[in-house]
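Counting the sequence shown from 1 gives a position; the working numbering is that position plus 81.
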Amino acid sequence: MGEEKRPEGSAGHKIVEGANFAVYTLVVIAIVALANWFVERNDKTWDLTPNKVYSLSPQTLKLLKGLNRDVTLYVFDRKEALRESRDVLNNYASASHRVTVRYVDLDREPGLAKNFAVRNYGAVVVAAGDRHYEAQGATEEGISNALIRVLKGEKTVYFVQGHSERDLSSTERAGYDRIKKQLENENYQVKTLVLLQKMEIPVDCSLLIVAGPQHDYLPQEVDAIRKYVAGAGRLMLMLDPGVELPNLSKLLADWNVTAQNDLVIDQNPVAQLFGTSPAMPLIIKYGSSPIVEPLARTATLFPYTRSFVVGKDYKAGVTDESLCETSGESFGVADFNPKMQSVAFRAGKDFKGPLTVAVSGNVTGSEPDKKGEGRFIALGTSALASNVYLGFQGNRDLFMNMINWLAAEEDLISIRPKPPESQHLNMTARQMNQIFYLGLIGLPLIIVVTGTMVWWRRR
């Protein structure tokens with residue numbers, strides 16, 4: 082005899098259906114419980130945003146990895162507002178066991194706020210040992226810059242003036258106001274120096290910068306710079322094209338680097354995708370120096386630059402290295418001056434690419450009372466760090482990495498946190514009305530119609 086089939090409406094059939102439903106329910110509950118158990122023991126998050134706005138930058142991660150003492154991040158705010166700061170602050174605690182985040186209700190613990198001179202809601206104070214500093218905003222950039230200030234002593238950067246160099250106070254496109262603020266944010270004190278007045282470098286100078294002079298330096302000024310580097314000093318030299326600078330060029334020649342009197346033109350089609358002109362080489366080829374290692378997949382822009390040639394012959398006490406090179410489609414217009422009408426390639430006269438546009442060098446000190454070695458970096462343009470070009474792709478990171486290398490702050494060489502970007506969805510009034518009616522009427526109507534169809538079919 083075959084197995085007797087139970088009618089669909091019978092009590093036995095209903096018992097079987099009920100048992101199946103109970104089993105399915107228990108299985109689902111077990112899966113959810115297991116997933117919850119796994120998540121609690123594997124606290125991982127994934128940042129799927131295009132600009133990784135919820136992840137710490139390589140520079141911050143590198144800084145946290147190198148911590149050798151405990152750091153506390155104090156967040157002062159009202160209790161109901163603290164939630165807004167938790168995501169970015171908790172990233173710091175997750176990245177290093179030496180970081181502790183303490184959330185302080187400013188209304189309930191005014192004494193602690195007074196100890197740190199905190200007066201405003203939303204303040205974040207970074208403290209390590211007996212040092213503390215209030216961050217400029219509860220952003221990664223603000224917190225990491227405060228962390229640098231707490232962990233490291235302040236260093237002084239001097240910009241030489243008196244030869245029509247870049248203006249540190251100018252907010253115009255060609256000015257240096259933005260890079261001055263960036264240096265100050267990363268714990269550098271910025272000063273100016275008129276060498277013509279004293280002919281010597283101040284003793285507190287950690288780094289000397291010559292930013293695009295439009296007139297050559299006197300031999301006495303160059304001698305003062307040479308002596309400074311020989312005594313383990315640090316120098317950044319930015320020489321714009323179209324300006325005759327024989328004395329400064331001679332200084333580089335003493336270090337086995339030739340500053341070409343040219344203008345680099347790069348016809349690489351990749352650069353055209355960024356909308357740049359051929360006189361603004363796009364750099365995607367870097368040397369092996371730790372200065373440029375983090376930029377391996379990042380483009381930088383060298384607007385209106387000259388090129389350099391690093392000597393192949395050995396020179397005692399000097400070690401040079403090419404940092405940035407243009408593409409093979411580039412060339413240097415020889416004997417360039419701004420009045421030239423044409424910049425087409427001239428075979429046998431112009432310099433064929435790829436061309437070096439940035440060089441670093443180490444100079445063994447010759448001063449008997451100085452220890453260590455001098456360092457220098459030569460750039461073929463000062464426009465790279467100007468207000469208008471500093472924010473292009475990797476320009477800010479390249480310039481600041483050079484500064485950090487010169488100042489012997491190699492642990493800060495990396496990709497910096499990007500300023501937070503406000504992301505808005507712009508919609509017309511019609512689009513807003515469409516979304517409103519779709520949510521208020523459309524979706525409920527779809528659910529009702531679908532439910533009715535299912536009910537009708539079951540009948």
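Just so it is clear, CB atoms sit at the ideal spot from N, CA and C, and this is done for glycine as well.
Note that this is a predicted model, so its numbers are computed, not measured.
TODO: Measure the beta-carbon distance from Lys143 to Ser495 and round it to whole angstroms, keeping in mind my assumption that it falls under 8 Å.
DONE: That belief holds up - the Cβ atoms of Lys143 and Ser495 are roughly 5 Å apart, short of 8 Å.
Task: Local Cβ density within 10 Å of Leu268, reported as buried at 16 or more and exposed below that - done: Just to set this straight, residue 268 is Asn in the shown sequence, not Leu. With 16 or more Cβ atoms within 10 Å of its Cβ, Asn268 is classed as buried.
- [ ] On a CA-only basis, which of Arg183, Gly256, Ser423 is nearest Val152? Give me that one, please.
- [x] Arg183
Task: Asn476 to Cys286 span [Cα, whole Å] - done: One alpha carbon belongs to Asn476, the other to Cys286, and they sit about 24 Å apart.
- [ ] Have a look at Asn337 and Arg456 and give me their C-alpha separation to the nearest angstrom.
- [x] Those two C-alpha atoms are separated by around 13 Å.
TODO: Please list, in chain order, all residues of the same chain as Arg247 whose beta carbon is under 6 Å from its beta carbon, the five residues on each side excluded.
DONE: Tyr257, Ala292, Gly293, Ser463
TODO: Check whether the Cβ atoms of Leu436 and Ser388 lie closer than 8 Å to each other.
DONE: yes
Task: Closest residue to Trp486 among Met421, Ile372, Asp188, Trp118 (Cα-Cα distance) - done: Ile372
Open item on the list: DSSP three-state label for Ala204, please.
Closed with: strand
Open item on the list: Using 8 Å as the cut-off, can you tell me whether the stretch 217-236 makes contact with the stretch 185-201, which would need three or more C-beta pairs spanning the two stretches below that distance?
Closed with: no
Open item on the list: Between which residues of its own chain and Gln474 is the CB-CB distance below 7 Å, once the five residues before and five after are set aside?
Closed with: For Gln474, the CB contacts under 7 Å within the same chain, skipping 5 residues up- and downstream, are Thr379, Ala380, Thr381, Leu382 in chain order.
- [ ] Flag this pair as yes or no: are the beta carbons of Pro375 and Ser138 separated by less than 8 Å?
- [x] no
- [ ] Below 6 Å CB to CB, which residues in the same chain sit around Arg315 once its five sequence neighbours on both sides are set aside?
- [x] Excluding positions up to five away in sequence, the list reads Leu288, Arg456, Leu487.
Task: Segment contact, 8 Å Cβ cut-off, at least three pairs: the stretch 316-328 with the stretch 349-357 - done: no
Open item on the list: Quick check on this structure: which residue in Gly392, Ala116, Lys261 has the alpha carbon closest to the alpha carbon of Leu249?
Closed with: Lys261
- [ ] Would you kindly work out how many angstroms separate the C-alpha atoms of Val303 and Leu332, rounded to a whole number?
- [x] 7 Å
Open item on the list: Going by the DSSP bridge assignment, what does Phe432 pair with across the sheet?
Closed with: Partner(s): Gly413.
Task: Three-way DSSP call (helix, strand, coil) for Gly99 in this model - done: helix
TODO: Just mark Ala116 as buried or exposed, buried being the case when its beta carbon has 16 or more other beta carbons within 10 Å.
DONE: exposed
- [ ] Compute the Euclidean distance between the alpha carbons of Lys233 and Phe417, then round it to the nearest angstrom.
- [x] 44 Å
- [ ] Using 10 angstroms around the beta-carbon of Gln341, count the other beta-carbons present and answer buried if the total reaches 16, otherwise exposed.
- [x] With 16 or more other Cβ atoms inside 10 Å of its own Cβ, Gln341 counts as buried.
Task: Unbroken beta strand (DSSP E) run spanning Thr407, endpoints - done: That residue, Thr407, is in no beta strand (DSSP E); it is neither H nor E in DSSP.
Task: For Ala459 and Lys393, the rounded distance between their alpha carbons - done: Put simply, the backbone Cα of Lys393 is about 17 Å away from that of Ala459.
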